[in-house]
Amino acid sequence: MAETNSQFPRSLKGVRESLGQQSGSNRALLLMAPLLAFELLVFVVPFFILLRISFAEESSDLVYAEGTWTLEAYSSVLTSDLIWSIVGYSFLLGIVVTVLSVLIGLFYAYAIWRSTGLLKSLLLFSVVLPLLTTLVIRTYAFNPLLSPSGTLNELLLSLGLISSPIQFVPGTVGVVVGQLYIVLPYAVLAIYSVLATMDWHVVEAARDLGASRPRSVLEVVVPQAMPGVIVAAVISFAWSVGAYAAPDLLSGNITFAMQVEGLMLSDMRYPLAAAFSVLMLLLMLVSIAIMFTLLNRIGGEFELA
Amino acid sequence: MSSSLRREPLETAAFRAGYLTLLALMLLPLLVVVVTSFSGTGRLAFPPESYSLVWYGEFLDSVRWLDAFTNSIVIGVGTALVATLLGVMGAFGQEIDDGSLGTVLAPLVLIPLLIPPVILGITLLMYFNEVGLRGSYASIVLAHTLWATPLVYFVMRSVFSRFDWQQLDAAQDLGAGPVQSFVYVVLPNVKHGIFVGGLLAFIISLQEFVMALFLSTPSTETIPVLAWTEIRQALDPMVSVVSTFLIVISVVGILLAVVATNLEWLSKQLS
């Protein structure tokens, strides 16, 4: 070890010595500083710039007029019927997908928790693989499956269950299915990670005391899984309200994300896009706070991280 | 009692049918992608009318796809390096910290994951415009790092929390400096965690699409971005070929991570 020491350049040795003299707390600060600086520079500051641009005047030759202050962007966003109908549709999509994702997520997470061996690995794998596959792939695969000439319609037609093809895609059914497939893996894992720390004997005890199986799940498992359910609901909701790929590929309906993309990249109206984003973030924050309170009332206490 | 005895096998069967159906549905879209990549015709149908490798040949001949592939790898490796460095240092710092900075750090690192990627995309586009980074690899690497760092960070927090910190004290009592004791005592115990964290960061970056769509230019476009542009023009099996490569990379990644740790632990880190 003495040999490696002597190979250190002098400057590095100096750094090591000064590090050694500092108290543990200072060293910890030094280690956390790059991450903190990164979050400030690439996350916090950009959001202040977004906020600033949302108060700027539009400009005909530039994306926005520098140094100007106005509420114009907000007033045109808040008074536009089109914008409010888009907000309504985005939130509706968010709520439907969130409810489905939490219910199916609970069921699937419970199944993973109760299974063992190879089956458990397979079930976990079926969640992790889509999670680590790009959302573009996850979305477009529903096109050959759900389109009027797609696999599902052909199957239903050949079974004689329907007489003419149903148009799932493009349409709202397709968007809900596509978006559900995007958020479900997160919901399952969030709930499963809480269930995994739970003691099965508690459920057994409930059953020994005469609770039916569905009742033991509803009254013992669900309340304890509530922290996972809350995380699952927040992620599903935030991502579905802001859904971009699934609505674009699988339906003609415009969501907030598609509208804001158009404002930014095609129309170059930065203040308007910024104001719309700020409005959406605020609405989502309020909804998440309401959801949080409601779910917390059902289940136990929840602490972040 | 007798009625519940009769009901139980039925409930078990329904439960099993339920999760097996879900299992099939979870894997079906990915199966569709892989199978259609072997299509012999230009129409994207499942199951395909005929099978061939013709679209794989097309892929290997396409300069545009290969360029996008290179971009994806460059950005993925960049993201993995930056996110791993930041995440490991941050988590280690928090572990030996006795102040209150750590309690601010955890939520701050987590929040970007909860914000819709479109909002992050436009926010960062406006920001990189201001600071003159627009169109560079760095802009996409930084954006992806915002998403990959929480994963590395929480993986490392979980790994560090299982490490016996008395070993570090012992090393320092025996005269090892901070860097030395980290390299010889801590690192060997946590290197699997670092590997898995870096791997996850790489995969997240490789697959991320919305932020990359906003931030990339034709010369820096990644595979998912190009796939998106192509899909919107025409649905042909070429996209399935590319997607199959991405799925294979993810499967290999998961297997590597499982070899280093195990699937259950990995799954918990992802949530």
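For the record, the sequence lines run as chains A and B.
To convert, count from 1 in the first sequence and add 14; that's my numbering.
To convert, count from 1 in the second sequence and add 263; that's my numbering.
Glycine is no exception: its CB is placed at the ideal position from the N, C-alpha and C atoms.
(request) Report the option in L146(A), E80(A) and T84(A) whose CA atom is closest to the CA atom of A289(B). (result) Here residue 289(B) is Met; the residue named in the question, Ala, does not match the sequence. The shortest CA-to-CA distance from M289(B) to any of L146(A), E80(A) and T84(A) is the one to L146(A).
(message) I'd like the ranges of any alpha helix (DSSP H) spanning at least 4 consecutive residues and lying wholly in the segment 430-485 of chain B.
(response) 441-444, 450-470 and 473-478
(request) Could you have a look at E312(B) and say whether DSSP puts it in helix, strand or coil? (result) coil
(request) Closer than 9 Å, Cβ to Cβ, to anything on chain B: give me those residues from the segment 134-148 of chain A, in chain order. (result) K134, S135, L136, L137, L138, F139, S140, V141, V142, L143, P144, L145, L146, T147 and T148
(request) Taking only the alpha-carbon atoms, compute the straight-line gap between I467(B) and D222(A) and give it to the nearest angstrom. (result) 45 Å
(message) Let me confirm a value: N525(B) is counted as buried when at least 16 other C-beta atoms fall within 10 Å, else exposed. Which label applies?
(response) exposed
(message) Alpha carbons only, please: which of I510(B), E484(B), Q532(B) and I512(B) is nearest the one belonging to W328(B)?
(response) E484(B)
(message) Using beta carbons (cut-off 9 Å, strictly below), is S513(B) in contact with chain A?
(response) yes
(request) Quick one: give me the first and last residue of the alpha helix (DSSP H) that V415(B) is part of. (result) Y400 to R425
(message) Strictly below 8 Å CB to CB, what residues from chain B border W127(A)?
(response) Ordered by position in chain B, no residue passes the 8 Å Cβ test against W127(A), which lies about 11 Å from the chain.
(request) Tell me, please, whether the CB atom of F355(B) is closer than 9 Å to any CB atom in chain A? (result) yes
(request) Return yes when the Cβ of T408(B) is within less than 9 Å of the Cβ of V77(A), no when it is not. (result) Against a cut-off of 9 Å, the Cβ pair of T408(B) and V77(A) comes out as no contact.
(message) Any beta carbon from chain A within less than 9 Å of N452(B)'s own beta carbon?
(response) no
(message) Taking the straight line between their C-alpha atoms, what separation do you get for V236(A) and T492(B)?
(response) About 42 Å.
(request) Tell me E71(A)'s beta-bridge partners as DSSP assigns them. (result) A79(A)
(request) Just grab the DSSP bridge partners of S302(B) for me. (result) Y314(B)
(message) Rounded to whole angstroms, what is the Cα-Cα separation between A125(A) and E275(A)?
(response) Approximately 39 Å, taken between the alpha carbons.
(request) Give the C-beta separation of V116(A) and A246(A) to the nearest angstrom, bearing in mind that I take them to be a contact with Cβ-Cβ under 8 Å. (result) 5 Å
(request) Look at the Cβ atom of L285(B), then the Cβ atom of Y122(A), and state whether they are nearer than 9 Å. (result) Contact: yes.
(message) Considering Cα atoms alone, identify which of S313(B), I486(B) and N452(B) is closest to V150(A).
(response) I486(B)
(message) Helix, strand or coil, according to DSSP, for I378(B) in the structure here?
(response) In the structure shown, I378(B) sits in coil (DSSP, three-state: anything other than H, G, I, E or B).
(request) Please report the residue range of the alpha helix (DSSP H) in which G108(A) lies. (result) Run containing G108(A): D95 to R128, per the alpha helix (DSSP H) assignment.
(message) Please tell me whether P228(A) has its Cβ less than 9 Å away from any Cβ of chain B.
(response) yes
(message) Along the chain, where does the alpha helix (DSSP H) containing E358(B) start, and where does it finish?
(response) V326 to I359
(message) For the structure I just gave you, are there three or more beta carbon pairs, one from the segment 461-475 of chain B and one from the segment 337-348 of chain B, closer than 8 Å?
(response) Segment contact: the segment 461-475 of chain B against the segment 337-348 of chain B, three or more CB-CB distances shorter than 8 Å; contact assigned.
(message) Suppose you measure from the CA of A523(B) to the CA of L463(B); what does that come to, to the nearest Å?
(response) 13 Å
(message) Relative to the C-alpha of L291(B), which candidate in T165(A), Q238(A) and P184(A) has its C-alpha closest?
(response) T165(A)
(message) List, in chain order, every chain A residue whose beta-carbon is nearer than 8 Å to that of W491(B).
(response) V150 and A259
(request) Mark V518(B) as exposed unless 16 or more other C-beta atoms lie within 10 angstroms of its C-beta, in which case mark it buried. (result) Correcting the residue identity first, residue 518(B) is Leu in this sequence and not Val. The residue in question, L518(B), is exposed, as its Cβ has fewer than 16 Cβ neighbours within 10 Å.
(message) Let's test the definition: count the other Cβ atoms within 10 Å of the Cβ of R279(B) and tell me whether it reaches 16, buried, or not, exposed.
(response) Exposed, because fewer than 16 other Cβ atoms sit within 10 Å of the Cβ of R279(B).
(request) Just the C-alpha distance for P184(A) and A497(B), rounded to the nearest angstrom, thanks. (result) 15 Å
(request) Measuring alpha carbon to alpha carbon, tell me which of T386(B), E527(B) and P272(B) ends up nearest T211(A). (result) E527(B)
(message) Could you check whether the Cβ of A319(A) sits closer than 9 Å to any Cβ belonging to chain B?
(response) With a pLDDT of only 38 at A319(A), under 50, the local geometry of the prediction cannot be trusted, and the value read off the model is given with reservation. At least one chain B Cβ lies under 9 Å of A319(A).
(message) Three Cβ pairs or more, each shorter than 8 Å: is that satisfied between the segment 313-320 of chain B and the segment 294-305 of chain B?
(response) Under the 8 Å Cβ criterion, the segment 313-320 of chain B counts as touching the segment 294-305 of chain B, having at least three qualifying pairs.
(message) For chain B, check one thing: does any of its Cβ atoms lie closer than 9 Å to the Cβ of G266(A)?
(response) no
(message) Just to make sure I have the definition right: I need the residues of chain A whose C-beta is within less than 9 Å of the C-beta of P481(B). Which are they?
(response) Per Cβ cutoff of 9 Å: no residues; P481(B) is ~14 Å from chain A at best.
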